[in-house]
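The structure appears below as structure tokens.
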């Protein structure tokens, strides 16, 4: 009996040591996330109730930033533009990515090569891609205007930077080219995760290709669909690089996005408190979008 | 189903595929080919995209004339990207192992806290980040930028690594422990080779994110000498003395995209695996 005690104590000691080891393993990650994410997040809330200049002392002003924001036409115009852009971009990306996913879903070496080609623009940064487009859209040295003339679409050179419409649709082409491959891969994974025997059974029961797609594949890949949708909408709502680099928010501020407006309030005008209040609105909208989309697609899947 | 595809259908499939593949790659090829033109030719519309009056590296030389010289900015970008990769891998391997194999107080809360940061856009916490970096003297500093990039990579990377460790049978580890190996030895010698594919996925995502990131670099690097490539080339494109050197922009875009394309072509398998890790679950 007396001899049984030491091993038990040692085991307890080693259990405690493993607890401490586990904590130590996750400590660096927790430290970084705390200092560079959780504290800044709390500070954003705190700062949004202050008049916070770059130099000098911040002053508590209560909800004044929020009441000011309520009447900030520029901000709501930017929000409206961002929402419109996000809807169109998501539709366009899905419109291109779904056919592509069906196209490359099959096995085989060539399908793999096509997949790689369609995906390649994804790994090039949005910065590089936007610079590329800024060049293509230039009226004197670019590609789009001379190419349109060559193809007989227009007689005179077109300055694509001059109107909101041409800026918007040119950037839309960029965004679809740059991100369709990403959505394509996600959708392809969803398509491939549909069990083969179910499709086989439906085939034997006489369901044709179209029916198998709409009635079996689509409902069974709801989760992938939800994920791809959220990533596309959330990504578009945060658009900045392409509008900063290509159009500078122009012409006449008509392509200012939400992040662009927050950026210019915070880091050009240095109204840090006001920028924080704007950030809170954007943050709330994005979290809401994620929650609503998850909930919508989840319940519909369960209802089926 | 493959039996139904007739030769004619197959030919049509590959024709469509080839045309589509070319149009997706074309914009990248356009930049690369045009960057090899003489400066005067690079200013004209790129039809055809390839140089017609001989190949030169003139545009790359003029790119070197911007900012603090090409190599300064290229090495800034490399330092930030490689630093981000190394720190992200070390921290997420440690944390992934901790979350996968150990039991400790608040474990669930910590895991949820780290993962939930992925829901919150970092664009909304830029202002306080700017203040924190200034406070600790890391504003306008490449290391400060690295710390932010690493933090942004952590939710995805820790999720990846936790799953990678979860997939390793516990018996392998127990055998090593019985032989008297310490916790760190087990992790470094026994576990690391087994989770190597996960590590490669984490590394390639971290590299591409850091190499391409623009907004945070634009805000936190205020001194021209510390600009990373994206910030430098956007400055090139805003022009000097009212005119834009498009040849320099083309060579800049080419330099920025080549490492991404090569890395992706070499490590595609790991990249796509990382991408779909969350999608199927």
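Residue numbers (this note's numbering), protein chains in the order written: chain A, 1 to 304; chain B, 1001 to 1281. Each residue gets a CB set at the ideal place from its N, CA and C atoms; glycine is no exception. Here the structure is a predicted model, which is why all the values come from computation and not from measurement.
Given 8 Å, three or more beta-carbon pairs between the stretch 1007–1025 of chain B and the stretch 1233–1251 of chain B:
Contact between the stretch 1007–1025 of chain B and the stretch 1233–1251 of chain B is absent: fewer than three C-beta pairs spanning the two stretches fall below 8 Å.
Through-space distance from residue 69 of chain A to residue 1117 of chain B, alpha-carbon basis:
As a first step, residue 1117 of chain B must be located in the second chain, where it is residue number 117. As a first step, residue 69 of chain A must be located in the first chain, where it is residue number 69. Each residue's alpha carbon lies about 26 Å from the other.
If we cut at 7 Å on Cβ distances, does residue 1280 of chain B have a partner in chain A?
The residue labelled residue 1280 of chain B in the question sits at position 280 within the second chain. Reliability fails at residue 1280 of chain B, whose pLDDT of 46 lies under 50, so the model's placement of it is uncertain and no value is given.
Using a threshold of 7 Å, state whether the C-beta atoms of residue 43 of chain A and residue 1128 of chain B are closer than that.
Locating residue 43 of chain A in the first chain gives position 43, counting from the first residue. Locating residue 1128 of chain B in the second chain gives position 128, counting from the first residue. Result yes, Cβ atoms of residue 43 of chain A and residue 1128 of chain B sit closer than 7 Å.
Residue 1225 of chain B: which of B:1162, B:1144, B:1266 and B:1068 sits nearest, CA to CA?
To locate residue 1225 of chain B, count along the second chain from 1; it is residue 225. Among B:1162, B:1144, B:1266 and B:1068, the Cα nearest to that of residue 1225 of chain B is on B:1068.
Considering only the beta carbon of each residue, do residue 1049 of chain B and residue 1071 of chain B sit closer than 7 Å?
For this step, residue 1049 of chain B is matched to residue 49 along the second chain. For this step, residue 1071 of chain B is matched to residue 71 along the second chain. No, Cβ-Cβ distance for residue 1049 of chain B and residue 1071 of chain B is not below 7 Å.
Could you confirm whether any beta carbon from chain A is found closer than 7 Å to the beta carbon of residue 1050 of chain B?
Here residue 1050 of chain B refers to the residue found at position 50 of the second chain. No, because no Cβ of chain A sits closer than 7 Å to the Cβ of residue 1050 of chain B.
Rounded C-alpha distance that separates residue 1102 of chain B from residue 1092 of chain B:
Within the second chain, residue 1102 of chain B is the residue found at index 102, counting from 1. Within the second chain, residue 1092 of chain B is the residue found at index 92, counting from 1. Spanning the two alpha carbons is a distance of roughly 15 Å.
CB contact below 7 Å: residue 44 of chain A versus chain B:
One-based indexing of the first chain puts residue 44 of chain A at position 44. It does: the Cβ of residue 44 of chain A has a partner Cβ on chain B nearer than 7 Å.
What span of residues does the alpha helix (DSSP H) with residue 1077 of chain B cover, start to end?
On the second chain, residue 1077 of chain B is found 77 positions in, with the first residue counted as 1. From DSSP, the alpha helix (DSSP H) with residue 1077 of chain B extends over 1070–1101.
Burial state of residue 119 of chain A, where buried means 16 or more other Cβ atoms lie within 10 Å:
Residue numbering aside, residue 119 of chain A sits at position 119 when the first chain is read from its first letter. It is buried - the Cβ of residue 119 of chain A has at least 16 other Cβ atoms within 10 Å.
Would you list the one or two residues that DSSP bridges to residue 60 of chain A?
In the first chain, counting from the first residue as 1, residue 60 of chain A sits at position 60. Note: residue 60 of chain A sits in a beta bridge opposite A:50.
Euclidean distance between Cα positions of residue 1025 of chain B and residue 117 of chain A
Taking the second chain and counting its residues from 1, one reaches residue 1025 of chain B at position 25. Taking the first chain and counting its residues from 1, one reaches residue 117 of chain A at position 117. When rounded, the distance between both Cα atoms is 6 Å.
Under 8 Å Cβ to Cβ from residue 243 of chain A, same chain only, skipping five residues before and after it: list those, please.
Residue 243 of chain A sits at position 243 when you count from the first residue of the first chain. For residue 243 of chain A, where only same-chain residues beyond five positions count, the Cβ hits under 8 Å are 171, 249, 255, 256, 257 and 260.
Tell me the residue span of the alpha helix (DSSP H) that contains residue 87 of chain A.
Start at 1 with the first residue of the first chain, and residue 87 of chain A comes out as number 87. First-last of the alpha helix (DSSP H) with residue 87 of chain A: 73–104.
Do we get a CB-CB distance below 7 Å when we pair residue 1153 of chain B with the residues of chain A?
Start at 1 with the first residue of the second chain, and residue 1153 of chain B comes out as number 153. Closer than 7 Å: no.
Leaving out the 5 sequence neighbours to the left and right, which residues in its chain are closer than 7 Å to residue 1142 of chain B when beta-carbon positions are compared?
For the purposes of this step, residue 1142 of chain B is identified with residue 142 of the second chain, where counting begins at 1. Excluding positions up to five away in sequence, the list reads 1076, 1079, 1080 and 1226.
Within 7 Å of chain B by C-beta, residues of the stretch 40–66 of chain A in sequence order
40, 41, 43, 44 and 47
Per-residue contacts from residue 116 of chain A into chain B (C-beta, under 7 Å)
Here residue 116 of chain A is taken as the residue at index 116 of the first chain, counted from 1. 1268, listed in chain order.
Please state if the CB of residue 72 of chain A and the CB of residue 59 of chain A are separated by a distance shorter than 7 Å.
By 1-based counting over the first chain, the position of residue 59 of chain A is 59. By 1-based counting over the first chain, the position of residue 72 of chain A is 72. No, these two residues do not count as a Cβ contact at 7 Å.
When A:107, A:236 and A:165 are compared against residue 87 of chain A, the one with the closest alpha-carbon:
Here the question's residue 87 of chain A lines up with position 87 in the first chain. Measuring from the Cα of residue 87 of chain A, the nearest candidate turns out to be A:236.
Pull up the distance between the alpha-carbon of residue 78 of chain A and that of residue 1230 of chain B, whole angstroms please.
As a first step, residue 78 of chain A must be located in the first chain, where it is residue number 78. As a first step, residue 1230 of chain B must be located in the second chain, where it is residue number 230. Going from the Cα of residue 78 of chain A to the Cα of residue 1230 of chain B covers about 25 Å.
Run through the stretch 1028–1067 of chain B for me and flag every whole alpha helix (DSSP H) of 4 or more residues, listed as ranges in chain order.
Segments of the alpha helix (DSSP H) lying fully in the stretch 1028–1067 of chain B: 1039–1042 and 1058–1063.
Distance, Cα to Cα, residue 233 of chain A vs residue 178 of chain A?
Residue numbering aside, residue 233 of chain A sits at position 233 when the first chain is read from its first letter. Residue numbering aside, residue 178 of chain A sits at position 178 when the first chain is read from its first letter. Their Cα atoms are separated by approximately 15 Å.
If we call anything under 7 Å between Cβ atoms a contact, is residue 97 of chain A one with residue 32 of chain A?
As a working note, residue 97 of chain A is residue 97 in the first chain. As a working note, residue 32 of chain A is residue 32 in the first chain. Going by C-beta atoms, residue 97 of chain A is not nearer than 7 Å to residue 32 of chain A.
Would you call residue 1162 of chain B buried or exposed, if buried means 16 or more other Cβ atoms sit within 10 Å of its Cβ?
Within the second chain, numbered from 1, the residue matching residue 1162 of chain B stands at position 162. Buried.
Beta-carbon proximity of residue 1036 of chain B to residue 1051 of chain B, cut-off 7 Å:
Translated into positions along the second chain, residue 1036 of chain B becomes position 36. Translated into positions along the second chain, residue 1051 of chain B becomes position 51. In this structure, residue 1036 of chain B places its C-beta atom within 7 Å of the C-beta atom of residue 1051 of chain B.
Cβ of residue 91 of chain A versus every heavy atom of the ligand FMN: is any distance shorter than 6 Å?
This structure lacks the ligand FMN; in fact it carries no ligand of any kind.
Going by C-alpha to C-alpha distance, which of B:1277, B:1276 and B:1256 sits closest to residue 123 of chain A?
The residue labelled residue 123 of chain A in the question sits at position 123 within the first chain. The shortest C-alpha separation from residue 123 of chain A is found at B:1256.
Between the C-alpha atoms of residue 1176 of chain B and residue 30 of chain A, what's the straight-line distance to the nearest angstrom?
Reading the second chain from its first residue, position 176 is the one you call residue 1176 of chain B. Reading the first chain from its first residue, position 30 is the one you call residue 30 of chain A. Roughly 28 Å between the two C-alpha positions.
Could you work out which residues of chain B lie near residue 94 of chain A, taking near to mean beta carbons separated by less than 9 Å?
In the first chain, residue 94 of chain A corresponds to position 94, counting from 1. Close to residue 94 of chain A, with beta-carbon spacing below 9 Å, lies no residue of chain B; the smallest spacing is near 15 Å.
What number of angstroms, rounded off, separates the C-alpha of residue 1094 of chain B from the C-alpha of residue 89 of chain A?
Here residue 1094 of chain B is taken as the residue at index 94 of the second chain, counted from 1. Here residue 89 of chain A is taken as the residue at index 89 of the first chain, counted from 1. Rounded to whole angstroms, the gap between the alpha carbons of residue 1094 of chain B and residue 89 of chain A is 39 Å.
Residues of chain A with a CB under 7 Å from the CB of residue 1098 of chain B: which are they?
Residue numbering aside, residue 1098 of chain B sits at position 98 when the second chain is read from its first letter. Taking the beta carbon of residue 1098 of chain B as reference, the chain A residues within 7 Å of it are 22, 25 and 26, listed in sequence order.
Taking any Cβ of chain A, which residues in the stretch 1110–1125 of chain B have a Cβ under 9 Å from it, in chain order?
1110, 1111, 1113, 1114, 1117, 1119, 1120, 1121, 1122, 1123, 1124 and 1125
Closer than 7 Å, CB to CB, is residue 1021 of chain B near chain A or not?
Mapped onto the second chain, residue 1021 of chain B falls at position 21. Residue 1021 of chain B counts as touching chain A.
Does DSSP put residue 1238 of chain B in a helix, in a strand, or in coil?
Residue mapping note: residue 1238 of chain B aligns to position 238 of the second chain, counting from 1. Coil.
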